[in-house]
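Trainee: Let me begin by handing over the structure; questions about it come next.
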Amino acid sequence: MSEHDETNTNAQSAPADDTQWSVLQERVDVRADKPSQDPRIAAQIDAARARGFVPLSESESERTAKNSPEDLQAQIEAGLTQVDPLMIRPRTSSRILCGVLALVFALLAFGSYWLGVHTLKGQGYEDLVIDNFANYTPQWLLEHNLGLTDSVVVISVSIALGAIAVFVALLRRRWWLAGQLAAFAAVSFACARVLKPALPRPLLMQIHSSTANSAPSGHTMLAITAGLMLVCAVPRAWRAACALLAAAYSMLVGVFVIADKWHRPCDVLMAVFLVGALAMLMLLFTRTSGMDRPGKRVSSASVQIASTVLITLGICGFAYAGYIIWQIFPGLEYGVAWSTGGACMSAGVLVIAVNALVVGAVLAVRQLTASPLTRLGQIGAPPAPPRR
């Protein structure tokens, strides 16, 4: 075999990768502004240079050559230390949701007060409930009330839950969150103290209960505030359990304050909706240490299940209570006996529904604001630049 044939055989047996590599290399040579074999292309490049135009590859090469190794190292370190925006604050959509829910809950709180206090049928409804609610409450629940019919017990338990929430936030080194919780508790307490004597209660009909304004319920506000503080303070693994505890505690307090004739049903509804609005405003300002640490931000099946169940229970409860009230609506103005049972039953359902809805919504939004899912959040904090 001749040398020419051997060369042809080797060329035919050359792998396809070599051929592809040669094509890529030719493209790289062109991009590197190597002299072209075509004299016409070379003439065009020379003419462009004469007019002041420099090829992109050449300008990049000159710019790179001007950078010293120290400058390149500084650029690398600056890129490594760039902070993911979701490490500082939640997503914009989550903050918008907080603002929308805060407005909705505030409107529902005002609507509960207006319908129960400033309408004739509303006052008739509340008068029927406060006079007869204890007769329609299960006897076993009244006997095993866990001391929640005592004002001192309710205040003590609520303060203890709030203190535990702040302690947990401090123990987790969530300084911003601890400040949020303290401000949330202070504003809730101030609203309970200011609104009750300030809101009017017109006398639209002859009622058997007190004519003084009792909205919102201070004990209910204290209970739901303490429960929501605990939900927002604990780590992800405990949020669902604390939400169920908060909902149950606030439900019991709401039922007992009506059964003992401390408050009317609309007082309880207004209190829970008002605290829910304040909680959403608190979550709107979540940032930095108020969020979960990067690397621990994962979805929670327990939070998804618990929040879904609570929100669904709340919506269904409102629908059922609304249907009952619609059935007895003609008799509310006159306080007829046949509407008493429906009024008391619907009031109990409303207390359960409002607490379930608000706690479920706060639980879901807390997870959204505390653990925005990103690649950075799932793999951990960014690498620290090397120290010299």
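FYI, full-length UniProt numbering numbers position 87 of the sequence shown as 87, with every residue one higher than the one before it.
Note that the Cβ used here is the ideal one computed from N, Cα and C, for glycine as well.
1) On a Cα-Cα basis, can you pick out the residue from N213, S289 and A109 that is closest to R172?
2) Check for me: the alpha helix (DSSP H) holding T312 runs from which residue to which?
3) What separation, rounded to the nearest whole angstrom, lies between the Cα atoms of H263 and Y249?
4) Looking at the structure shown, is S156 part of a helix, part of a strand, or coil, going by DSSP?
5) Mind checking A169: buried by the 16 CB within 10 Å criterion, or exposed?
6) Would you mind stating whether L274 and S94 have Cβ atoms separated by less than 8 Å?
7) In whole angstroms, what separates the C-alpha of L283 from that of A337?
8) Among the candidates E333, L269 and A233, whose CA atom is the shortest distance from the CA of R366?
9) Going by beta carbon distance, what residues of the same chain come within less than 8 Å of V129, once the five residues before and after it are set aside?
10) What does the Cβ neighbour count give for S156, buried or exposed, with the cut at 16 atoms within 10 Å?
11) Would DSSP call A347 helix, strand or coil?
12) Give the DSSP-derived three-state secondary structure of D292 in the structure shown.
13) Here's a check: name, in chain order, each residue in its chain whose Cβ is nearer than 6 Å to the Cβ of L108, leaving out the five neighbours to either side.
14) Measure from the alpha carbon of E126 to the alpha carbon of each residue in A370, G331, R91 and M229, then state which is nearest.
15) Give the single residue among S302, R193 and V358 whose Cα lies nearest to the Cα of G317.
16) With DSSP as the reference, label L115 as helix, strand or coil.
17) Go to H263, then tell me how far its alpha helix (DSSP H) extends in each direction, as first and last residue.
Mentor: According to the structure data:
1) By 1-based counting over the sequence shown, the position of residue 172 is 172. Its Cα nearest to that of R172, the residue S289 stands out among N213, S289 and A109.
2) The residue labelled residue 312 in the question sits at position 312 within the sequence shown. T312 -> alpha helix (DSSP H) spans A301 to L332.
3) Translated into the one-based positions of the sequence shown, residue 263 becomes position 263. Translated into the one-based positions of the sequence shown, residue 249 becomes position 249. So the alpha carbons of these two residues sit roughly 17 Å apart.
4) Mapped onto the sequence shown, residue 156 falls at position 156. Looking at S156 - three-state DSSP - the assignment turns out to be helix.
5) Numbered from its first residue, the sequence shown carries residue 169 at position 169. Result: buried.
6) As a position in the sequence shown, residue 274 is number 274, starting the count at 1. As a position in the sequence shown, residue 94 is number 94, starting the count at 1. Against a cut-off of 8 Å, the Cβ pair of S94 and L274 comes out as no contact.
7) Here residue 283 refers to the residue found at position 283 when the sequence shown is read from its first residue. Here residue 337 refers to the residue found at position 337 when the sequence shown is read from its first residue. Cα to Cα, the separation comes out at about 45 Å.
8) Along the sequence shown, read from residue 1 onward, the residue named residue 366 stands at position 366. For R366, the nearest C-alpha among the options comes from A233.
9) Here residue 129 refers to the residue found at position 129 of the sequence shown. So the list reads I258, R264, P265, A343, C344 and A347, once near-sequence residues are dropped.
10) Counted from its first residue, the sequence shown places residue 156 at position 156. Its Cβ having fewer than 16 others within 10 Å, S156 is exposed.
11) The count along the sequence shown starts at 1 and reaches residue 347 at position 347. Residue state, collapsed to three classes: helix.
12) Counting from 1 along the sequence shown, the entry for residue 292 is found at position 292. In the structure shown, D292 sits in coil (DSSP, three-state: anything other than H, G, I, E or B).
13) Residue numbering aside, residue 108 sits at position 108 when the sequence shown is read from its first letter. Counting only residues of its own chain and dropping the five nearest sequence neighbours on each side, L108 has a CB closer than 6 Å to the CB of F273.
14) As a first step, residue 126 is located in the sequence shown; it is residue number 126 there, counting from the start. Looking at the Cα atoms, G331 is the closest of the given residues.
15) Numbered from 1 along the sequence shown, position 317 holds the residue referred to as residue 317. Nearest C-alpha to G317: V358.
16) To locate residue 115, count along the sequence shown from 1; it is residue 115. Helix, per DSSP.
17) Position 263 of the sequence shown holds residue 263. Run containing H263: none; DSSP gives neither H nor E here.
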